[in-house]
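Scroll down for the structure; my scribbles are underneath it.
Residue numbers (the UniProt record's numbering): 1 to 278.
Structure representation (structure tokens):
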């Protein structure tokens, strides 16, 4: 009877040893590793791109070459997400194999936006030909007759928006682009130099006070208020105009003038209108 009890005890101890020894040999093979390379489609450095395992929220950063490693990932299908400011978020499914390393490649696309707006010229009827640029970039265009401009494919960033045209004061503004952006309307001021001047005389030696001068088709208009007959227009954009000189009781004179050319001073002599019935 004693022998049977001893034999049973020995058998039980051996069974415990066998059970404890099972199941530990392959515990290190339940996880896998994912390595990879991140590139940015605009050629910028991928350093700092975040790569996250969404199932565990484990996150690593890519180095300057875009390399990254996620270790001890549970075998099976894993969802990874790559994130970098100014680029589209990318998610991808990766099959992690037990005890093995899986290598992947990720390319992030730069987010692009549209920038548009309207710029006008002071005192002008057409606003065509204004040069608009995003400074230190390849973005440059000219406005249409309504002063409109558009840039397509602008990456999120902070820019200097510059508008310029001969005869007008250049204007610059800081522009932050985080989405499709419509710039508030601008008006470029004409350079405040005497643009057109001269004298008007009346052939009958009467006073020239009250003579009216107007640049046809524009808002530029002035009236002589000095006995000398002096007149002057300022801030008139360079170009060709028709100057109309008139006074009641005198024959109206019309002359083609050029602003911004070699001649910018003009003299006029108005003759009495003898056919006018007083």
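By construction, the Cβ of each residue, glycine as well, lies at the ideal position given by its N, Cα and C atoms.
Collapsed DSSP secondary structure at residue i in the structure displayed
| i | result |
| --- | --- |
| residue 138 | coil |
| residue 98 | coil |
| residue 186 | strand |
| residue 152 | strand |
| residue 254 | strand |
| residue 220 | coil |
| residue 52 | strand |
| residue 259 | strand |
| residue 43 | coil |
| residue 239 | strand |
| residue 91 | strand |
| residue 103 | strand |
| residue 20 | Unreliable placement is indicated for residue 20, whose pLDDT of 42 sits below 50; no coordinate value is reported for it. |
| residue 200 | strand |
| residue 176 | strand |
| residue 225 | coil |
| residue 145 | coil |
| residue 283 | No answer is possible for residue 283: the residues shown for the chain start at 1 and end at 278. |
| residue 207 | coil |
| residue 195 | strand |
Alpha-carbon spacing of residue i relative to residue j, whole angstroms
| i | j | result |
| --- | --- | --- |
| residue 204 | residue 128 | 44 Å |
| residue 25 | residue 34 | In this prediction, residue 25 has a pLDDT of 39, which is less than 50 and means its spatial position is unreliable; nothing more can be read from the coordinates. |
| residue 278 | residue 165 | Unreliable positioning characterises residue 278 in this predicted model, as indicated by a pLDDT of 48, which lies under 50. A coordinate reading is not provided. |
| residue 207 | residue 197 | 18 Å |
| residue 135 | residue 171 | 12 Å |
| residue 110 | residue 120 | 32 Å |
| residue 140 | residue 113 | 15 Å |
| residue 142 | residue 163 | 9 Å |
| residue 155 | residue 124 | 33 Å |
| residue 223 | residue 180 | 47 Å |
| residue 264 | residue 144 | 28 Å |
| residue 225 | residue 169 | 30 Å |
| residue 32 | residue 47 | 24 Å |
| residue 138 | residue 241 | 35 Å |
| residue 259 | residue 274 | 33 Å |
| residue 269 | residue 245 | 9 Å |
| residue 255 | residue 243 | 5 Å |
| residue 118 | residue 153 | 18 Å |
| residue 209 | residue 174 | 48 Å |
| residue 249 | residue 147 | 41 Å |
| residue 211 | residue 247 | 5 Å |
| residue 11 | residue 90 | Unreliable placement is indicated for residue 11, whose pLDDT of 47 sits below 50; no coordinate value is reported for it. |
First and last residue of the uninterrupted beta strand (DSSP E) at residue i
| i | result |
| --- | --- |
| residue 113 | 113-121 |
| residue 74 | 67-74 |
| residue 34 | 31-40 |
| residue 267 | 265-270 |
| residue 168 | Careful: residue 168 lies outside any beta strand (DSSP E) and carries neither H nor E. |
| residue 60 | 58-61 |
| residue 214 | 212-215 |
| residue 230 | 230-234 |
For residue j and residue i, believed in contact at Cβ under 8 Å, the rounded distance
| i | j | result |
| --- | --- | --- |
| residue 213 | residue 236 | Actually they are not in contact, since the Cβ atoms of residue 213 and residue 236 sit about 12 Å apart, beyond 8 Å. |
| residue 157 | residue 183 | Not quite, the Cβ-Cβ distance comes to about 15 Å (not below 8 Å), so this is no contact. |
| residue 200 | residue 239 | Contact doesn't hold; Cβ gap of about 22 Å is too wide. |
| residue 78 | residue 30 | So it is not a contact: roughly 14 Å between Cβ atoms. |
| residue 188 | residue 251 | Rounded, the Cβ-Cβ distance is 38 Å, inconsistent with contact. |
| residue 61 | residue 80 | At roughly 14 Å, the Cβ-Cβ gap does not stay under 8 Å, so residue 61 and residue 80 are not in contact. |
Contact check, residue i vs residue j, beta carbons under 8 Å
| i | j | result |
| --- | --- | --- |
| residue 160 | residue 132 | no |
| residue 59 | residue 105 | no |
| residue 280 | residue 108 | In the structure displayed, the chain extends from 1 to 278; residue 280 sits before or after that span and is not available. |
| residue 190 | residue 217 | no |
| residue 51 | residue 75 | no |
| residue 101 | residue 94 | no |
| residue 73 | residue 96 | yes |
| residue 231 | residue 195 | no |
| residue 151 | residue 115 | yes |
| residue 70 | residue 55 | no |
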